[in-house]
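Colleague:
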Amino acid sequence: MNLTKNEKRVLYGLIAYPEYNDCKLSEVLGIKHSTVTSIRHRMQKMEMFRDINVPLTQNIGCEMVAFTYTNFNIVFPLEERIALTSEAIEVFNEIFYSMGEVSKGFSISMSKDYTTISHINDIRTETFSRMNLLAEDHPVTVIFPFRISNVFRFLSYSDLLRLHLSIDTEDLPEPAPSDFTVGEPRELSKNERIVYYSLVHHPGMRDKSLGDLLPLSRHTVSNVRKRFETDGLIKHVRVPNIQKMGYNLLVFWHIKINPKKPMPAEAFHRLLTPHCISAISRKYEAVILSVYTDFETYRTDEANITRNLRSENYIVEPPVINVFDLTKTQIIKGIDFSPFVKDLVDPSFVPEE
56 MNLTKNEKRV LYGLIAYPEY NDCKLSEVLG IKHSTVTSIR HRMQKMEMFR DINVPLTQNI
116 GCEMVAFTYT NFNIVFPLEE RIALTSEAIE VFNEIFYSMG EVSKGFSISM SKDYTTISHI
176 NDIRTETFSR MNLLAEDHPV TVIFPFRISN VFRFLSYSDL LRLHLSIDTE DLPEPAPSDF
236 TVGEPRELSK NERIVYYSLV HHPGMRDKSL GDLLPLSRHT VSNVRKRFET DGLIKHVRVP
296 NIQKMGYNLL VFWHIKINPK KPMPAEAFHR LLTPHCISAI SRKYEAVILS VYTDFETYRT
356 DEANITRNLR SENYIVEPPV INVFDLTKTQ IIKGIDFSPF VKDLVDPSFV PEE
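Residue 139 in the numbering used here sits at position 84 of the sequence shown; the count goes up by one each step and never skips.
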């Protein structure tokens, strides 16, 4: 991927500061407004990124996020396995992302409560066992209740692009994180429920266009959206097309912390290399998702992270590490929060597709 200096800087800005309009991005990057707009349109046409409104649902009825990973019987072709399980498992709206290859897979879910996620896990285990899809062990689910967990990164690609594009960020502001801090419970009004679901379902749509779809004015949509952003109920992110950028590996880490030595937040921060795109922990467990262009780069990260964990005695057993070759995996469910959010907020009006 051959990009000019301006294209690299604008692409970084689009990912690092998705909340900025072209005018603000132009000011921050020191590039002409017209150039920023032209490059953004070109990047959109090339499908270099995807807009997503992440629902920060921890204060409106969502209790937890969960990661589930499974090792599969390689006798079954991937396509056959997906066909067998789609209607039984992927149908659950709590699952907002799922991917797999022949021997393994993982999914990420949000859930209102432990009972719901346990029910899904029981059906998953029963389905996989009945169809003889499991290699040996049951599917493993790692649950992170927001109230007792730390979300260090969530769909965060700014460090990755800074490294990949060799961007000097010394003169640039720090990108805003997705904040899953639990606060006071919030009850959404009728109009807020409509706008909340619509923003998640149509993340790239401007307020005027969204207002045309809804029984609400553009002014109302704009005010409600700004209130959601101010109150930390929604966060606009842009996810780059990492395969177009040459990334071929996605690595899933499940780390079990030494019960005699819980890891403080500052120590966990030291594990977060620029390749890490998502990371969440609670007292004795953590999950990290990282992406790499090649196996050698991954092995360097693995050695450094494992050495850090062992040297401080933070682990008593090796982390579970699943390496996915992105050229051989299938995205079973692309990132889509809208079905879960629809169930969660129950909007009285849903715009037609």
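The beta carbon of each residue, even a glycine, is placed where N, CA and C say it ideally should be.
1. Might you give, ordered along the chain, the residues of its own chain that have their beta carbon closer than 7 Å to the beta carbon of Lys290, omitting 5 neighbours on each side?
2. What residues are listed by DSSP as bridge partners for Lys100?
3. Which residues bound the alpha helix (DSSP H) around Ala71?
4. Determine, using beta carbons only, whether Leu189 and Thr125 come nearer to each other than 9 Å.
5. Leu218 to Val276, Cα distance in whole Å?
6. Between which two residues does the alpha helix (DSSP H) containing Lys397 stretch?
7. Can you find the residues in the same chain that come closer than 7 Å, C-beta to C-beta, to His280, ignoring five residues on each side of it along the sequence?
8. Please go through the same chain and pick out, in chain order, the residues whose beta-carbon is closer than 6 Å to the beta-carbon of Arg241, but skip the five residues on each side of it.
9. Among Glu357, Met101, Phe395 and Val396, whose alpha-carbon lies nearest the alpha-carbon of Asn377?
10. For Asn313, which residues of its own chain have a beta-carbon under 7 Å away from its beta-carbon, when the five flanking residues on both sides are left out?
11. In this structure, how does DSSP classify Leu304 when only helix, strand and coil are distinguished?
12. Give me the Cβ distance between Ala121 and Ile198, rounded to the nearest whole Å; I'm assuming they're in contact under 8 Å.
13. Helix, strand or coil: how does DSSP classify Ser204 here?
14. Count Cβ pairs between the segment 328–345 and the segment 210–217 that sit closer than 8 Å; are there 3 or more?
15. Secondary structure at Thr382, three-state DSSP: helix, strand or coil?
16. Indicate whether Asp106 and Pro258 have their beta-carbon atoms separated by less than 9 Å.
17. How big is the Cα-Cα spacing for Val65 and Tyr302?
18. Have a look at His88 and Leu327 and give me their C-alpha separation to the nearest angstrom.
19. Any chance the segment 161–171 sits against the segment 85–101, with 3 or more Cβ pairs inside 8 Å?
20. Excluding sequence positions up to five away, which residues of its chain have a Cβ less than 7 Å from the Cβ of Thr140?
21. Phe161 lies in the beta strand (DSSP E); which residues open and close that run?
22. Assign Thr236 to one of two classes, buried (16 or more other C-beta atoms within 10 Å of its C-beta) or exposed (fewer than that).
23. Of all the alpha helix (DSSP H) runs that stay within the bounds of the segment 110–157, which reach a length of 4 or more residues?
24. Per the DSSP calculation, Arg337 is bridged to which residue(s)?
25. With 16 other CB atoms within 10 Å as the buried threshold, where does Cys117 fall?
26. Alpha carbons only, please: which of Leu243, Thr224 and Val294 is nearest the one belonging to Asp391?
27. Using beta-carbon positions only, say whether Arg337 and Ile203 come within less than 9 Å of one another.
28. In its own chain, which residues sit with a C-beta less than 8 Å from the C-beta of Asp401, not counting the 5 before and 5 after it?
29. Output needed for Thr123: all residues of its chain with C-beta closer than 6 Å, excluding positions within five of it in sequence on either side, in chain order.
Modeller: The answer reads as follows:
1. Counting from one through the sequence shown, the residue named residue 290 turns up at place 235. Residues Val109, Leu111 and Ser233 of the same chain have their beta carbon placed closer than 7 Å to that of Lys290, with the five preceding and five following residues left out of the count.
2. The sequence position of residue 100 within the sequence shown is 45, counting from 1. Partner(s): none; Lys100 has no beta bridge.
3. Position 16 of the sequence shown holds residue 71. First-last of the alpha helix (DSSP H) with Ala71: Lys60 to Ala71.
4. Locating residue 189 in the sequence shown gives position 134, where the first residue counts as 1. Locating residue 125 in the sequence shown gives position 70, where the first residue counts as 1. Yes.
5. Here residue 218 refers to the residue found at position 163 when the sequence shown is read from its first residue. Here residue 276 refers to the residue found at position 221 when the sequence shown is read from its first residue. Those two C-alpha atoms are separated by around 37 Å.
6. Reading the sequence shown from its first residue, position 342 is the one you call residue 397. Looking at the DSSP string, the run of the alpha helix (DSSP H) that includes Lys397 is Ser393 to Val400.
7. Here residue 280 refers to the residue found at position 225 of the sequence shown. Here residue 280 is Arg; the residue named in the question, His, does not match the sequence. Shown here for Arg280: same chain residues with a beta carbon closer than 7 Å to its own, the five before and five after excluded, namely Val250, Leu254 and Asp262 in chain order.
8. Position 186 of the sequence shown, counting from 1, holds the residue named residue 241. Same-chain partners within the cutoff: Asn114 and Ile115.
9. Within the sequence shown, residue 377 is the residue found at index 322, counting from 1. That would be Glu357, whose Cα lies nearest to the Cα of Asn377.
10. The residue given as residue 313 occupies position 258 in the sequence shown. Here the set comprises Asn368, Tyr369, Ile370 and Val371.
11. Here residue 304 is taken as the residue at index 249 of the sequence shown, counted from 1. Taken through DSSP and simplified to helix, strand or coil, Leu304 comes out as strand.
12. In the sequence shown, the residue the question calls residue 121 occupies position 66. In the sequence shown, the residue the question calls residue 198 occupies position 143. Rounded, the Cβ-Cβ distance is 5 Å, consistent with contact.
13. To locate residue 204, count along the sequence shown from 1; it is residue 149. Shown here, Ser204 sits in coil according to DSSP, grouped into three states, outside any helix or strand.
14. Yes, the segment 328–345 is in contact with the segment 210–217.
15. Here residue 382 is taken as the residue at index 327 of the sequence shown, counted from 1. In the three-state DSSP reduction, Thr382 falls in the coil class, being neither helix nor strand.
16. Within the sequence shown, residue 106 is the residue found at index 51, counting from 1. Within the sequence shown, residue 258 is the residue found at index 203, counting from 1. With contacts defined as CB atoms closer than 9 Å, Asp106 and Pro258 qualify as a contacting pair.
17. On the sequence shown, position 10 is the one that residue 65 refers to. On the sequence shown, position 247 is the one that residue 302 refers to. Taking the straight line joining both Cα atoms gives about 20 Å.
18. As a first step, residue 88 is located in the sequence shown; it is residue number 33 there, counting from the start. As a first step, residue 327 is located in the sequence shown; it is residue number 272 there, counting from the start. So the two alpha carbons sit approximately 34 Å from each other.
19. As far as the Cβ criterion goes, the segment 161–171 does not touch the segment 85–101, which means the pair count is below three.
20. Locating residue 140 in the sequence shown gives position 85, where the first residue counts as 1. Cβ within range, chain order: Thr182.
21. For the purposes of this step, residue 161 is taken as residue 106 along the sequence shown, with counting starting at 1. Start and end: Lys159 to Ser166.
22. Translated into the one-based positions of the sequence shown, residue 236 becomes position 181. Thr236 is exposed by the Cβ-count criterion.
23. Runs of the alpha helix (DSSP H) inside the segment 110–157: 133–140.
24. If you number the sequence shown from 1, residue 337 lands on position 282. Note: Arg337 sits in a beta bridge opposite Glu340.
25. Position 62 of the sequence shown, counted from the first residue, corresponds to residue 117. Within 10 angstroms of the beta-carbon of Cys117 lie 16 or more other beta-carbons, which makes it buried.
26. For the purposes of this step, residue 391 is identified with residue 336 of the sequence shown, where counting begins at 1. Nearest option by C-alpha distance: Val294.
27. Here the question's residue 337 lines up with position 282 in the sequence shown. Here the question's residue 203 lines up with position 148 in the sequence shown. Between Arg337 and Ile203, the gap from beta carbon to beta carbon is short of 9 Å.
28. Your numbering for residue 401 matches position 346 in the sequence shown. Sequence-distant Cβ neighbours of Asp401 in its own chain, meaning closer than 8 Å and more than five residues away, are Arg248.
29. Along the sequence shown, read from residue 1 onward, the residue named residue 123 stands at position 68. If the five residues before and after Thr123 are omitted, its C-beta is found closer than 6 Å to the C-beta atoms of Ser162, Pro194 and Thr196, all from its own chain and listed in chain order.
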